[in-house]
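A quick write-up on the structure given underneath.
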Amino acid sequence: MENRFFDSKLLALSFVFMAATCAPAFCQSGASKAARAPIVPVSKKMEGLHGLGAIGIPVKVYYGNNEYKGTYLTSTRESGLAYKSGLQKGDVLINIGGRVPYDPKATDEIMRKLGTKAGTRVQFFRKTSRGLVFLERTMGWSKDAQVFQRPDSAKTARKAVGSVDTGSLKSYMYELVNADRKKNDLSALRVSGKLESISRGHSSDMANRDYTDHYDPEGRGFADRAKAAGVRAAVGENVGKMLVEPKSTSKELIAKCEDLLMHSSRHRANLLNPAFKSMGIGMAIHRDGSIAVTQMFSDSENP
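Remember, this note's numbering sits 77 above the position in the sequence shown when you count from 1.
Listed below in structure tokens is the structure:
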């Protein structure tokens, strides 16, 4: 059987997802595709975002090799929460408080459930002179609010993660992955000790050396790690970094992560790949308190 490798990079929860798929190094890349617009309307029907004081339309965003669903702001009111939080016309909302605002109605429903209290994290894309960029703000800040992508301090993050049991996180992640496969008429993935060992080793390395990637600083990728462990079957990988929110339970943390993964086309493709039969998850804690996550999949029950 031909050995194929798939990869998918993720940045979970308080971070935007990033994903890519690739063939093994010996495969040739295809002809380049024609450039496409980074933001494509799903519908041109404008609807009010009452909780934000704005108007928007549903869109798809193409960023790198990734596709995201979100709500494009066609206008904002100066008296509205969106404007006061630093959002502006042309921004595309892709995450509000760990939830995906697929369209204006979904955005309003998220705001209805979350309320308008300050502190809710919002992730969005914005067009700049440098092209499309990813930004993150907290709801309720002034329009000059600074962009952030880390907890206020390593001490705060460490305190937040202190009560989190990564073993429980991992177990619940397996449960949700297989629940989503069942919903899509796919067989459950068997937990592989070998894939867990590979994933745990990579997560530990990412945490110890403070990086998030399929490739380590020496350039070794997941295919190399699988081969070194004696795996000859086809494999796939998701890697990422989760920030722990102090008020989130373990189940809430993983549920948000799974929801975002399932609405990212690249990650969904790995999670719902009918060829995959086994999976291994590894987690480790970064010095700043965030959690390094590696998911490895295989098309063999005993890779």
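The beta carbon of each residue, even a glycine, is placed where N, CA and C say it ideally should be. Because the structure is a prediction, the values reported are computed rather than measured.
Between which two residues does the alpha helix (DSSP H) holding MET123 run? Working through the sequence shown from its first residue, we reach residue 123 at position 46. Annotation: MET123 is outside any alpha helix (DSSP H) and is labelled neither H nor E by DSSP.
Any idea if ASN143 is buried or exposed, counting beta-carbon neighbours within 10 angstroms, 16 or more meaning buried? Working through the sequence shown from its first residue, we reach residue 143 at position 66. By the 10 Å Cβ count, ASN143 comes out buried.
For LYS166, the three-state DSSP class (helix, strand or coil): By 1-based counting over the sequence shown, the position of residue 166 is 89. Looking at LYS166 - three-state DSSP - the assignment turns out to be coil, as it is neither helix nor strand.
Taking only the alpha-carbon atoms, compute the straight-line gap between VAL117 and ALA306 and give it to the nearest angstrom. In the sequence shown, counting from the first residue as 1, residue 117 sits at position 40. In the sequence shown, counting from the first residue as 1, residue 306 sits at position 229. A straight line joining the alpha-carbon of VAL117 with that of ALA306 spans about 43 Å.
In the DSSP assignment, what are the bridge partners of SER407? In the structure as shown, the chain starts at 78 and stops at 380, and residue 407 therefore has no counterpart that could be examined.
When the Cβ atoms of the segment 240–258 are set against those of the segment 325–344, are three or more pairs found closer than 8 Å? Yes: the two stretches touch, three or more of their Cβ pairs being nearer than 8 Å.
Close beta carbons around SER281, own chain, < 8 Å, minus the five adjacent residues each side: Taking the sequence shown and counting its residues from 1, the one referred to as residue 281 is at position 204. So the list reads GLY359, ALA361 and ALA369, once near-sequence residues are dropped.
Expressed to the nearest angstrom, what Euclidean distance is found between the alpha-carbon atoms of MET319 and ASN379? Here residue 319 refers to the residue found at position 242 of the sequence shown. Here residue 379 refers to the residue found at position 302 of the sequence shown. Approximately 29 Å, taken between the alpha carbons.
Who are VAL138's beta bridge partners in DSSP? Here residue 138 is taken as the residue at index 61 of the sequence shown, counted from 1. DSSP lists ILE116 and TYR145 as partners of VAL138.
Check whether the segment 292–308 and the segment 336–356 touch, using three or more Cβ-Cβ pairs below 8 Å as the test. No contact exists between the segment 292–308 and the segment 336–356.
State the DSSP-derived secondary structure class of ALA102, mapped to helix, strand or coil. Mapped onto the sequence shown, residue 102 falls at position 25. Because the pLDDT of ALA102 is 27, which lies under 50, any placement of that residue in the model is unreliable, and the question is left without a value.
Any alpha helix (DSSP H) of 4 or more consecutive residues that is wholly inside the segment 290–334: Note on the segment 290–334: whole alpha helix (DSSP H) runs with a minimum of 4 residues are 299–305, in chain order.
THR243, enclosing beta strand (DSSP E) - first and last residue: The residue you call residue 243 lines up with position 166 of the sequence shown. In this chain, THR243 is not harboured by any beta strand (DSSP E); it is covered by the alpha helix (DSSP H) spanning 243–260.
Which same chain residues end up closer than 8 Å to ASP126 when comparing Cβ atoms and leaving out the 5 residues on each side of it in sequence? Walking along the sequence shown from the start, residue 126 turns up at place 49. A small fix is needed here, since residue 126 is Leu in this sequence, not Asp. Cβ within range, chain order: ILE132, GLY133, THR148, LEU150, ALA159, PRO181, THR184, ASP185 and MET188.
Less than 8 Å between the beta carbons of VAL316 and THR371, yes or no? Numbered from 1 along the sequence shown, position 239 holds the residue referred to as residue 316. Numbered from 1 along the sequence shown, position 294 holds the residue referred to as residue 371. The Cβ atoms of VAL316 and THR371 lie closer than 8 Å to each other.
Helix, strand or coil: which one does DSSP assign to LEU129? Here residue 129 refers to the residue found at position 52 of the sequence shown. DSSP places LEU129 outside both helix and strand once states are collapsed to three, so it counts as coil.
Where THR197 sits in the DSSP three-state scheme: Translated into positions along the sequence shown, residue 197 becomes position 120. Three-state result, THR197: coil.
So what does DSSP say about GLU273, is it helix, strand or coil? Here the question's residue 273 lines up with position 196 in the sequence shown. Collapsing the DSSP output to three states places GLU273 in a helix.
Helix, strand or coil at ARG364 [DSSP, three-state]: As a first step, residue 364 must be located in the sequence shown, where it is residue number 287. Reduced to three states, the DSSP call for ARG364 is coil.
Taking only the alpha-carbon atoms, compute the straight-line gap between VAL169 and LYS204 and give it to the nearest angstrom. Here residue 169 corresponds to residue number 92 of the sequence shown, with the count starting at 1. Here residue 204 corresponds to residue number 127 of the sequence shown, with the count starting at 1. Looking at the two C-alpha atoms, the distance is approximately 9 Å.
Using the Cα positions of ALA222 and GLU155, report the straight-line distance between them to the nearest angstrom. Here the question's residue 222 lines up with position 145 in the sequence shown. Here the question's residue 155 lines up with position 78 in the sequence shown. Because ALA222 sits at a pLDDT of 29, beneath the cut-off of 50, its placement in the model cannot be relied upon, and the following sentence gives the value as read from the coordinates. In this structure, the straight-line span from the alpha carbon of ALA222 to that of GLU155 is close to 15 Å.
Name the DSSP bridge partner or partners of LYS204? The residue you call residue 204 lines up with position 127 of the sequence shown. The beta-bridge partner set that DSSP reports for LYS204 consists of LEU209.
Ends of the alpha helix (DSSP H) at LEU158? Working through the sequence shown from its first residue, we reach residue 158 at position 81. Looking at the DSSP string, the run of the alpha helix (DSSP H) that includes LEU158 is 158–161.
Opposing strand residues paired with ARG214 [DSSP bridges]: Residue 214 sits at position 137 when you count from the first residue of the sequence shown. As DSSP reads the structure, ARG214 sits in a beta bridge with VAL199.
Rounding to the nearest angstrom, what Cα-Cα distance links ALA352 and SER152 in this structure? Mapped onto the sequence shown, residue 352 falls at position 275. Mapped onto the sequence shown, residue 152 falls at position 75. Here the alpha carbons of SER152 and ALA352 stand approximately 45 Å from one another.
Specify, as a first and last residue, the run of the alpha helix (DSSP H) that LEU349 falls within. What you label residue 349 is simply residue 272 of the sequence shown in a count that begins at 1. Counting along the chain, LEU349 falls outside any alpha helix (DSSP H), and DSSP gives it neither H nor E.
Under the three-state DSSP convention, the category SER281 falls into: Locating residue 281 in the sequence shown gives position 204, counting from the first residue. In the three-state scheme derived from DSSP, where H, G and I count as helix and E and B as strand, SER281 is classed as helix.
Report the three-state DSSP secondary structure of PHE341 (helix, strand or coil). What you label residue 341 is simply residue 264 of the sequence shown in a count that begins at 1. In the sequence as presented, Phe is not what sits at residue 341; that position holds Ser. SER341: coil per DSSP, three-state reduction.
My assumption, with CB atoms under 8 Å, is that MET356 sits in contact with LEU272. Please give the rounded CB distance. In the sequence shown, residue 356 corresponds to position 279, counting from 1. In the sequence shown, residue 272 corresponds to position 195, counting from 1. With 8 Å as the limit, MET356 and LEU272 qualify as a contact, their Cβ atoms being about 6 Å apart.
Grouping DSSP H, G and I as helix and E and B as strand, with all else coil, what is ARG176? Counting from 1 along the sequence shown, the entry for residue 176 is found at position 99. Strand at ARG176.
Length of the line joining the Cα atoms of SER377 and SER120: For the purposes of this step, residue 377 is identified with residue 300 of the sequence shown, where counting begins at 1. For the purposes of this step, residue 120 is identified with residue 43 of the sequence shown, where counting begins at 1. SER377 and SER120 have their C-alpha atoms some 42 Å from each other.
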